[in-house]
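Quick notes on the structure that follows.
In the working numbering, the protein residues as written are 299 to 405.
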């Protein structure tokens with residue numbers, strides 16, 4: 299038994315892998331609506347260039363046409379915030395929904 303297994307057993311807590319697996323099994327209506335609104339605000343699936351990247355609580359999206367980004371819709375979407383970096387990169391601050399949001403924007 300490794301160190302982290304001992305700690306997990308001692309504190310009777312699930313590992314990060316177990317937490318993310320159970321979180322990905324739950325795709326609630328709130329997250330589905332957030333995905334739909336963000337896709338629309340980013341100019342649709344066809345405006346997303348390349349892979350969507352996730353870093354803890356942020357989702358990084360590169361868009362083909364920045365003029366199609368609806369910033370007001372992003373503000374009203376329920377995200378914690380967003381940032382447009384340069385011309386074509388958008389960071390979506392999604393908190394604990396970031397991984398599910400990235401997965402939804404990618405597909």
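Every residue gets a Cβ at the ideal spot worked out from N, C-alpha and C, and that includes glycine. Small disclaimer: the values here were computed from a predicted structure and weren't measured.
Measure how close the beta-carbons of residue 339 and residue 375 come, nearest whole angstrom, since I'm counting them as under 8 Å. About 6 Å; that satisfies the 8 Å criterion.
Hey, quick one: how far does the beta strand (DSSP E) through residue 353 stretch, first residue to last? It spans 351-353 - the beta strand (DSSP E) in which residue 353 sits, taken as one unbroken run.
Beta-carbon contacts of residue 400 that lie in its chain and below 6 Å, excluding the five residues immediately before and after: Only 350, 352 and 357 meet the Cβ criterion.
Output the boundary residues of the alpha helix (DSSP H) element that contains residue 359. That residue, residue 359, is in no alpha helix (DSSP H); its beta strand (DSSP E) goes 356-360.
Reduced DSSP category for residue 383 - H, G, I as helix; E, B as strand; rest coil: In the structure shown, residue 383 sits in a strand (DSSP, three-state: E or B).
Reduced DSSP secondary structure (H/G/I, E/B, other) of residue 319: For residue 319, the predicted model reports a pLDDT of 46, less than 50, meaning its position is unreliable; a value from the coordinates is still stated below. Three-state DSSP puts residue 319 in a helix.
Among the residues of its own chain, which have a CB less than 7 Å from the CB of residue 383, if the five just before and after it don't count? Scanning its chain for C-beta atoms nearer than 7 Å, with the 5 sequence neighbours on each side dropped, one finds around residue 383 the residues 389, in chain order.
How many angstroms separate the CA atom of residue 321 from the CA atom of residue 394? In this predicted model, residue 321 has a pLDDT of only 46, less than 50, meaning its place in the structure is not dependable enough to derive any value.
Quick one: grab the DSSP three-state call for residue 333. DSSP places residue 333 in helix when its eight states are reduced to three.
What did DSSP end up calling residue 390 once you bin it into helix, strand or coil? Three-state result, residue 390: strand.
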